[in-house]
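Numbering (the working numbering), first residue to last: 170 to 471. Worksheet: the structure to be examined is printed underneath.
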Amino acid sequence: MELGRFAPTPSGRMHLGNVFSALMAWLSAKSAGGEVLLRIEDLDTVRCTAQNTALLRDDLRWLGLRWDREQPCQSSQGARYAAILEELRQRGLVYPCWCSRADIEHAANAPHASDGHTVYPGTCRALSEEERAERMAKKTPLWRLRVPDGTVSFTDGHFGPYRENLAVECGDFILRRADGIFAYQLAVVADDIAAGVTQVVRGRDLLPSTPRQLLLYRLLDAAPPQYYHIPLLTAPDGRRLSKRDRDLDLGLLRQRFTAEELIGRLAHAAGLTDTDRPCTAEALIPAFSWDKVPREDIAIHL
Ligand SMILES: [Zn+2]
170 MELGRFAPTP
180 SGRMHLGNVF
190 SALMAWLSAK
200 SAGGEVLLRI
210 EDLDTVRCTA
220 QNTALLRDDL
230 RWLGLRWDRE
240 QPCQSSQGAR
250 YAAILEELRQ
260 RGLVYPCWCS
270 RADIEHAANA
280 PHASDGHTVY
290 PGTCRALSEE
300 ERAERMAKKT
310 PLWRLRVPDG
320 TVSFTDGHFG
330 PYRENLAVEC
340 GDFILRRADG
350 IFAYQLAVVA
360 DDIAAGVTQV
370 VRGRDLLPST
380 PRQLLLYRLL
390 DAAPPQYYHI
400 PLLTAPDGRR
410 LSKRDRDLDL
420 GLLRQRFTAE
430 ELIGRLAHAA
440 GLTDTDRPCT
450 AEALIPAFSW
460 DKVPREDIAI
470 HL
C-alpha cells in the first residue's frame, strides 16, 4: 500500500505554499488507495514550538486533511539518528570536520558549484587519527558524509529525469552540526525508511536536495520512495511567495475563506478542476491525476 506523508516544520504558521504541498501529498496518496503519515520535523528546537505544532495539527484538521498515522517528532529521535551516524562512521563513510563557513569560503582550492555556492573542498577528509584526536580535544566537530564521485540519477514522478554529480555540485555534506543538531538530510531519510514511506510529495525547491537523500538510501541499503516535486506558487507578478507574505498565513486566510473555498481555489490552480468553486479535499480524490498538474510555477491570486 502507498504511504505518503505530511512532514511540516513548526517554525511558524502554515502558509499557502505549505497548504498546497499538503493537499497534493494527501491527494497523491489517497487517489492511489494509500494512507498518509504525519511527522513533525522539529529538529531546530529553538524555532519550533509546541504552540506552532498545535496550530499545525488544527490547521490540517480544518483543511480536512486527516492523517492516518503519526510518527514521533524528530526532536525525540536523536538516539536513532546517532546510531545511524555511528554505523556510517564505523564503515568509514563519515568523518569529523572543524572548518567554519569562513574557512571554506576562503580555502584557496574551494571549488564552486554551478549555482555559485562554495563546495566543501575536503580539507578534513584526510586528517590522520592523531590530528583528529588532537582537534577533538579542543573543539567539537561537525560530521560530514564522504561523497563518492559519480552521478546520482532518478526519475521524478512529475518533473521526469534528474541527475547530479554530488562530488562536483555538492561535496561532502553535513550529517550532524557541531551544536549536535542532526541535518535534515539524515533525519528525513532515517524517518522515511523507519515508517516505510513510499511517496514523497514536496515543492520543486527541494528537487536539488534529492540526490543527497538517494545516496543515503543507497548507503543504508534501503529502497527509496517515489518522489513527486510540485511547482511553486507565485504572486500574480511571478514573484515567489514566501513566509514574509503575512497575509498568506493560515491564521489570516482562515478569517477570509472557508476550507472549501481555499481548497477549491488551489485545486483549480493545480489544474484539477474546471472552476474554482468550493470543494472538499475528499471530493477531489477521483479527479486527481499528476498529468493535470502543470510543471511551471503557478501564479495565484486569492
Ligand atoms: Zn573541514
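We put the beta carbon where it would ideally sit given N, CA and C, even for glycine.
Residue i beta carbon near ligand 2 (any heavy atom closer than 8 Å)
i	result
R313	Absence of ligand 2 is noted for the structure shown, with ligand 1 being the only ligands found.
For residue j and residue i, believed in contact at Cβ under 8 Å, the rounded distance
i	j	result
L402	L225	Not confirmed; about 19 Å, so no contact.
A194	G173	5 Å
L232	A428	5 Å
V462	G433	With a Cβ gap of about 16 Å, V462 and G433 do not count as contacting.
V316	L344	With a Cβ gap of about 11 Å, V316 and L344 do not count as contacting.
R346	L375	Contact doesn't hold; Cβ gap of about 19 Å is too wide.
I350	L212	6 Å
I399	V370	6 Å
P265	M305	7 Å
Q243	D360	7 Å
L257	L314	7 Å
Y397	H327	5 Å
Q395	S378	At roughly 16 Å, the Cβ-Cβ gap does not stay under 8 Å, so Q395 and S378 are not in contact.
Any non-hydrogen atom of ligand 1 within 8 Å of residue i CB
i	result
D211	no
T292	yes
D272	yes
C266	yes
Y289	yes
Buried or exposed (CB count within 10 angstroms, at least 16 for buried), residue i
i	result
V215	exposed
Q259	exposed
A392	exposed
D341	buried
H286	exposed
A438	buried
S458	exposed
A252	exposed
R408	exposed
M183	buried
H281	exposed
N278	exposed
S283	exposed
D472	Any answer about residue 472 is impossible in this case: the structure gives the chain only from 170 up to 471.
K199	buried
Q424	exposed
L144	The displayed coordinates of the chain run from 170 to 471. Any statement about residue 144 would go beyond what the structure contains.
Strand pairing of residue i, partner residues [DSSP]
i	result
E204	L172
S322	R332
L431	DSSP output for L431 lists no bridge partner at all.
A167	Residue numbering for the chain in the displayed model covers 170 to 471; residue 167 lies beyond these limits and cannot be assessed.
H184	D418
W312	P265 and R345
T287	H281
Minimum Cβ-Cβ distance from residue i to chain D less than 9 Å
i	result
Q382	Within the model displayed, chain D is absent; a lone protein chain is all it includes.
Whole beta strand (DSSP E) runs in the region 329-414 with 3 or more residues, listed along the chain? You should have 329-334, 343-345, 368-372 and 395-399.
Alpha helix (DSSP H) runs contained entirely in the region 191-268, provided each spans 4 or more residues: Complete alpha helix (DSSP H) runs here, min 4: 219-232 and 247-259.
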